[in-house]
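Worksheet: the structure to be examined is printed underneath.
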Amino acid sequence: MATPTRSPLSEAEARQRRWVCEHRWQGVAGMVHFRKACRGLPMVQNWTTSEGRVAFRLAKGQGACFVALVRGFNEVSRPDFGHLGAWPLQGMDLGLPEGRYCDMASLSTQKGWDKKSCPREVHVGPTGLVIRGEVPEGDLLAVA
Numbered sequence: 000m001a002t003p004t005r006s007p008l009s010e011a012e013a014r015q016r017r018w019v020c021e022h023r024w025q026g027v028a029g030m031v032h033f034r035k036a037c038r039g040l041p042m043v044q045n046w047t048t049s050e051g052r053v054a055f056r057l058a059k060g061q062g063a064c065f066v067a068l069v070r071g072f073n074e075v076s077r078p079d080f081g082h083l084g085a086w087p088l089q090g091m092d093l094g095l096p097e098g099r100y101c102d103m104a105s106l107s108t109q110k111g112w113d114k115k116s117c118p119r120e121v122h123v124g125p126t127g128l129v130i131r132g133e134v135p136e137g138d139l140l141a142v143a
């Protein structure tokens, strides 16, 4: 389910009170799962760029999580920044074992999720480095 663009209230009710259903936004359910998976893990590494890219690796023992964000384009407040495009993650060490990881922020809901299909994935190779995956401009990626 895509992020709602309309209020579930009637037009008259919506004018009287603003109702925002953040819990229905795309990615929120997946981020709740991500938060639970990463609870209590300390940050062990971060990546930043002056252009507006930031990432964090959290890890302790067998638990590991990774989150990365890329600034979007805003022609109103900062036209001088321009577009960054996607952030390719190839070669980054996420601290995760080899495998295919679902970007929890890309899930529209976890209800009925089969854990086999995922809108956006990161593939970690046998050396522990990312072999495929990227963060779209103006978006975030979260894997655990």
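Per numbering that gives the first Met the number 0, the sequence shown runs over residues 0 to 143.
Ideal placement from N, C-alpha and C gives every residue a C-beta, glycine not left out.
Fair warning: this is a prediction, and the values are worked out from it, not measured in the lab.
- Under DSSP, no beta-bridge partner is assigned to V43.
- The residues A85, in chain order, have a CB closer than 6 Å to that of P135 in the same chain once the five nearest residues on each side in sequence are set aside.
- Beyond the five residues adjoining it in sequence on each side, A36 comes within less than 7 Å, by CB distance, of C64, A143 in the same chain, given in chain order.
- By the Cβ rule, the segment 41 to 59 does not count as touching the segment 111 to 130, because fewer than three pairs are nearer than 8 Å.
- Look at R14 here: in three-state DSSP terms it is helix.
- Linking M42 to Q61 through their CA atoms gives a straight-line distance of about 14 Å.
- Around the beta-carbon of V69, 16 or more other beta-carbon atoms lie within 10 Å, marking it buried.
- A Cβ-Cβ separation of about 12 Å leaves L88 out of contact with R56 under the 8 Å criterion.
- With a cutoff of 8 Å on beta-carbon distance, E97 and P118 are scored as not near each other.
- Shown here, G29 sits in a helix according to DSSP, grouped into three states.
- Per DSSP, the beta-bridge partners of E133 are P87.
- In the DSSP assignment, E120 forms a beta bridge with C101.
- Between D102 and V123, the CB-CB gap reaches or exceeds 8 Å.
- Annotated three-state conformation of A36 is helix, per DSSP.
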